[in-house]
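Presented below is the structure to which this report refers.
Residue numbers (the working numbering), protein chains in the order written: chain A, 708 to 1066; chain B, 708 to 1066.
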């Protein structure tokens, strides 16, 4: 697929979120998307750009925090100056993606697709085909989400309940509703029906449709975004008062209830690299010890799991199964794959202990 | 007990051995005895000196490697210049203790007691009473060892098989034989008899008796030691050719076979701090997480075992039982208490990999 196949299509990449479950690798000052978590030599942000470039070319917009603008620019050196929008402060996904929509509306973009900066996709061509189908439906005025084929009954993701096929769009289905993260037994029921898919937060839509959907829920919010797009000098004044709300709650759920959301089922080896357990799965095989970067620093004897030797020091691991060892210059994590979700509790405890410098 | 209670008694402390099972805390360049392993604020060597000072005063002699002389002197700053003997190279315990014996014989010492620099004793007064009884028997010409009350059927120590009480010395018994490290079932049989004690390598003897016992086995060895004592300038020339042999094999075992060894049963909270499992036992309780030094650096959640935060970095441990985490500026160890003995295999592997700098 080439950049000419999707004329007027712009890729939007909201690059935010600290990824606290990947501490101490990911920090608020150096979040997940800036790191090479797959050992590919490319960071997740770079991989995201690499993946979108074949279908978007230089029609590419990153929305990130002011604090990360320089890091983003240093990783994506070929982007033009106006390809990076910097948020003065974090205002959740509606403000970030809404700002991109307003800027693209002003630039005359026909369709935008928003994709997180810190996800992994192993089959980019299958992803491109899903995006193309979504763009096609979005041109008809739908808010289109890409629904990930669920490979196991995860309780870590929200689900998309899909309905009938959209007339004229053989690859697209109506969305009945979005459902919040379920329990594992409920997720098992979802999978048994064959009608539920993971919500990876991928939205494809006309910028104007997105802003109009927002205006129906919160006219002031949409108006403020359009004012900023028309006069970027208003950003510092208007931004702090924007609501902190996720795009799912702000527009996707109300629009689904109104029958205005569609979904493209996608199966392209997606992973959100949410914690060290999923990272270990992504990188290796059960019962082996996976090393992310600098394998020459690691010595082991009868151990399995994941080791990240991120400080250059020698790491020796003896006799632990499914262990997670993450070594950085100022902080060390030792846990198990089973407890990977609890890493965020240590991050919270560090903040409580006055060590926000480490988070 | 005071320094006047044991006139003519000298304490000898052989300070050698890298303690590879305590890697990466203990290194060949910075061995176990130079470290504070109990969180007391005093190193094991300093504690050994503290423990012996009440009965030996300044009648104190350390034998250590040339490479450690400065470190030893910096820890024991009040010692006179001639209280530290430096070995040009490691020649095992017979040469080290034999050199001390020859030097003390030349100085007119009546009795010497040799005690390792890296053991822990929780009840020093009980230890002093055992030494006093040993000194008393040593004045009568016996080679006297202190036999540690075995608290469990360890396979990590050699045992002393004790016999009848020594006439005139109510606290002292004859030694039937020394036995090598047994299997656990054999150790259980030993304990059931009540006649076996751990051999902690503590020998109390007249210097001349020790050298004469050595001369009976190896006249050249004893003669060389006496020549060095008479003329320290001969040390560089004679030392490299001295046999590498442990004092147990060189004189204790033959002397026991000849009925010339006695033992004082001792029970004073002894520990050789052989590995991180025994260190964890020494420092804490089961099912708790023990931190050696810098507890403010450690955050944990549902973990037990031992953490040594030795680099000043923050260490977070989540959900591991009986874990051992030892963090140093250039090397990190993660293992379990059950695998503590296998740490020496990693040290060997590092040497094989050309990383002797880390060992």
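Virtual Cβ for every residue (Gly too), placed ideally from N, Cα, C.
| Asked | Found |
| --- | --- |
| Listing by chain order, which chain A residues have their CB less than 9 Å from the CB of residue 771 of chain B? | Simply none; closest approach about 27 Å. |
| Which stretch, first to last residue, makes up the beta strand (DSSP E) that contains residue 756 of chain A? | Not the beta strand (DSSP E): residue 756 of chain A falls in the alpha helix (DSSP H), residues 751-763. |
| Report buried or exposed for residue 891 of chain B, applying the criterion of at least 16 other Cβ atoms within 10 angstroms of its Cβ. | exposed |
| Ends of the alpha helix (DSSP H) at residue 801 of chain B? | 799-814 |
| Please list, in chain order, the residues of the stretch 1032-1043 of chain A that have any C-beta partner in chain B closer than 7 Å. | 1032, 1034, 1037, 1038, 1039, 1040, 1041, 1042 and 1043 |
| Establish whether the CB of residue 1015 of chain B and some CB of chain A are separated by less than 8 Å. | no |
| So, for residue 845 of chain B: in the same chain, excluding its five sequence neighbours on each side, which residues have a beta-carbon less than 7 Å away from its beta-carbon? | 818, 851, 911, 912 and 913 |
| If we call anything under 8 Å between Cβ atoms a contact, is residue 1016 of chain A one with residue 1004 of chain A? | yes |
| Decide if residue 941 of chain A is buried, meaning its Cβ has at least 16 other Cβ atoms within 10 Å, or exposed. | exposed |
| Below 8 Å between beta carbons is the criterion; list the residues of the stretch 1020-1031 of chain A that meet it against any residue of chain B, in chain order. | 1020, 1021, 1022, 1023, 1024, 1025, 1026, 1027 and 1030 |
| Return no unless some Cβ of chain A is closer than 8 Å to the Cβ of residue 762 of chain B. | no |
| Give the DSSP bridge partners of residue 1013 of chain B, in chain order. | B:997 and B:1031 |
| Could you run through the stretch 985-1000 of chain B and flag, in chain order, every residue whose CB is less than 9 Å away from some CB of chain A? | none |
| Taking only three categories from DSSP, how would you classify residue 952 of chain A? | coil |
| Assuming the contact rule is C-beta atoms closer than 8 Å, residue 994 of chain B and residue 885 of chain B should be a hit. Round their C-beta distance to whole Å, please. | With 8 Å as the limit, residue 994 of chain B and residue 885 of chain B do not qualify as a contact, their Cβ atoms being about 37 Å apart. |
| Determine the DSSP secondary structure at residue 1004 of chain B, reduced to helix, strand or coil. | helix |
| According to a CB-to-CB cut-off of less than 8 Å, which residues of the stretch 1051-1066 of chain B neighbour chain A? | 1052, 1053, 1056, 1057, 1060, 1062 and 1065 |
| Which residue comes first and which comes last in the alpha helix (DSSP H) that contains residue 1112 of chain B? | Only positions 708 to 1066 of chain B appear in this structure, which leaves residue 1112 of chain B out of reach. |
| What's the gap between the Cα of residue 787 of chain B and the Cα of residue 710 of chain B? | 17 Å |
| Going by Cα to Cα distance, which pick from B:989, B:840 and B:915 is closest to residue 816 of chain B? | B:915 |
| Which class does residue 881 of chain B belong to by DSSP, given the choice of helix, strand or coil? | strand |
| So, is residue 765 of chain A buried or exposed, given that buried needs 16 or more other C-beta atoms within 10 angstroms? | exposed |
| Using 8 Å as the threshold, is the C-beta distance between residue 979 of chain A and residue 1060 of chain A below it? | no |
| Considering only residues of the same chain and omitting the five flanking positions on each side of residue 795 of chain B, which have a CB-CB separation below 8 Å? | 773, 942, 943, 946 and 947 |
| Give a yes or no on whether 8 Å exceeds the smallest Cβ distance from residue 1006 of chain B to chain E. | The structure shown contains no chain E; its protein chains are A and B. |
| Per the DSSP calculation, residue 819 of chain B is bridged to which residue(s)? | B:717 and B:912 |
| Closer than 8 Å by beta-carbon distance: list the chain A residues that pair up with residue 728 of chain B, in chain order. | Simply none; closest approach about 11 Å. |
| Please report the distance separating the alpha-carbon of residue 770 of chain B from that of residue 810 of chain B. | 11 Å |
| Taking the alpha carbon of residue 728 of chain B as the point to measure from, which residue in B:986, B:747 and B:934 has its own alpha carbon closest? | B:986 |
| Who are the neighbours of residue 1075 of chain A on chain B, taking C-beta pairs under 8 Å? | Residue 1075 of chain A is absent from the model: chain A starts at 708 and stops at 1066. |
| Opposite residue 977 of chain B in the DSSP bridges: which residues? | B:828 |
| Comparing C-alpha positions only, which one of B:1056, B:791 and B:825 sits nearest to residue 909 of chain B? | B:825 |
| Between residue 870 of chain A and residue 882 of chain A, which are expected to be in contact by the criterion C-beta below 8 Å, what is the C-beta distance as a whole number of angstroms? | 7 Å |
| Does DSSP put residue 924 of chain B in a helix, a strand or coil? | helix |
| Flag residue 1046 of chain B as yes if its beta-carbon sits less than 8 Å from any beta-carbon of chain A, otherwise no. | yes |
| Taking all protein chains shown into account, decide if residue 721 of chain B is buried (16 or more other Cβ within 10 angstroms of its Cβ) or exposed. | buried |
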